[in-house]
Amino acid sequence: MIVKPLHCGTLQQAANAHARCLELNPDQHAAFNTIMKAVFSNALDKQSLFFIEGPGGCGKTFLYNTILSYVRGKQLEAIAVASSGIAAELLDGGRTAHSKFKIPIPIEDHSTCKISRKSELGGQLKNIRLIVWDEAPMMDRRVFECVSRTLCDLEDNPRPFGGKVVVLGGDFRQILPVVFTGVEADIVDATLNKSILWQHIQILRLSKNMRASPDSEDFQQWLKRIALPFKLKRRQYPLKPCYAMTINKSQGQTLQHVGIFLSVPVFTHGQLYVALSRTRNFDGITMSLKDNKEPHFTDNIVYRSVLDRA
């Protein structure tokens, strides 16, 4: 059974797109125009792969939904997927990539999706004009190669993703693919920017933090420093357990207050950055660290080689 995307009618989509376009900042507007040019171009050699890059809170999700509404408002088919369930819920008509594309588990170097040309889903994908894929850096590069391989087969087109316009997005400062028993080299190798597809991608950067309060410039600059190794000084606060989730699950969320409980330090790239960038300012963060020889510090893990390629 194929679940149809839950998004509203064409007129409402067009109205949503118009309202959202008025709220785009200059970086978002430039990215929007670049992607729309590709969507409505019939040129065979057009640029069709994009990566929207920006730190947490830069309005990537808002831009995705603006793009989706605009394309759907023109009576064209667009699908929205994400690498995690929570991120998918933030997209209009969003699904997880594994659910939508029938991606096999485990993924191998030459895997293809479980979609045939004659299936209903195969027919639907042939009519798609645009794919938006959020939190792309969280996913193993072989997943993107698998989907691309499948769409090439469905479209009988050797270009990446069968020539479809594909908008990937995310932040390489945040959490990278999970590799079972993998060390840093394995995780770096599984990252999207190590894929053969990366050379075909145009990067569109967002820099203005839309999540942080306007008066919290110090907080915005501090978050940027989390992408680089440094020692974090903290104060101890009493903590009363309330609602909890893992750092990985919180990625993509905007929260008013966050209590970060690190009984042990973070163990991989991007986790500390994700934990600290969920709120709008310093006042929304409380941390509890396990007592040790340096009670005012915690470890931050950054894979520089990933950021250098982004």
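Using the UniProt record's numbering, read the sequence shown as starting at 1 and increasing by one per residue. Don't be surprised by glycine CBs; every beta carbon is placed ideally from N, CA and C.
Here Met245 is exposed, its C-beta having fewer than 16 other C-beta atoms within 10 Å. Three or more Cβ pairs closer than 8 angstroms define a contact, and the stretch 33-49 meets that threshold against the stretch 158-176.
Looking only at Pro137, Arg141 and Gly284, the smallest Cα-Cα distance to Gln251 is reached by Pro137. Asp171 places its beta carbon less than 9 angstroms from that of Pro55. Annotation for Met36: the continuous alpha helix (DSSP H) segment containing it runs Pro26 to Val39. In the structure shown, Ser250 falls within a helical segment according to DSSP collapsed to helix, strand and coil. DSSP links Trp198 through a beta bridge to no other residue.
Straight across, the Cα-Cα distance linking Glu77 with Gln28 is about 22 angstroms. The stretch 267-282 makes no contact with the stretch 105-121: fewer than 3 CB pairs, one atom from each, lie closer than 8 angstroms. In chain order, Asp92 place their CB closer than 6 angstroms to the CB of Asn65, counting only its own chain and leaving out the 5 sequence neighbours on each side. In the displayed model, Met245 falls within coil according to three-state DSSP, outside both helix and strand.
Taking a contact to require three or more Cβ pairs closer than 8 angstroms, the stretch 190-201 and the stretch 10-24 do not qualify as touching. Residue pairing of Gly169 in beta bridges, as defined by DSSP: Ile52. Counting other Cβ atoms within 10 Å of its Cβ, Arg309 stays below 16 and is therefore classed as exposed. Residue nearest to Arg280 within the set Val266, Arg117 and Gln253 is Gln253 (criterion: CA-CA distance).
For Val264 and Ser99, the gap between their C-alpha atoms comes out near 33 angstroms. Taking all protein chains in view, the Cβ of Ala82 is crowded by 16 or more other Cβ atoms within 10 Å, so the residue is classified as buried. Residue state for Val132 is assigned as strand, using DSSP reduced to three classes. Remark: C-beta atoms of Val132 and Leu68 approach each other more closely than 9 angstroms.
In this structure, Ala38 lies away from Val179, with their beta-carbon atoms at least 9 angstroms apart. Val167 and Leu197 have their C-alpha atoms spaced approximately 13 angstroms apart.
One alpha carbon belongs to Ala275, the other to Asn42, and they sit about 43 angstroms apart. A Cβ-Cβ contact shorter than 9 angstroms links Val258 with Thr286. Short of 8 angstroms from the beta carbon of Ile175, and not among the five residues preceding or following it, lie these beta carbons of its own chain, in chain order: Pro137, Met138, Ile247, Asn248, Gln251, Thr268, His269, Gly270, Gln271 and Val274.
Looking at the DSSP output, Met287 sits in a beta bridge with Ile260. Rounded to whole angstroms, the gap between the alpha carbons of Val302 and Thr34 is 31 angstroms. In summary, Gln13 is buried, with 16 or more beta-carbon neighbours lying within 10 Å of its beta-carbon over all protein chains present. According to the DSSP assignment, Ala19 belongs to the alpha helix (DSSP H) that extends over Thr10 to Cys21.
In the displayed model, Arg278 falls within coil according to three-state DSSP, outside both helix and strand.
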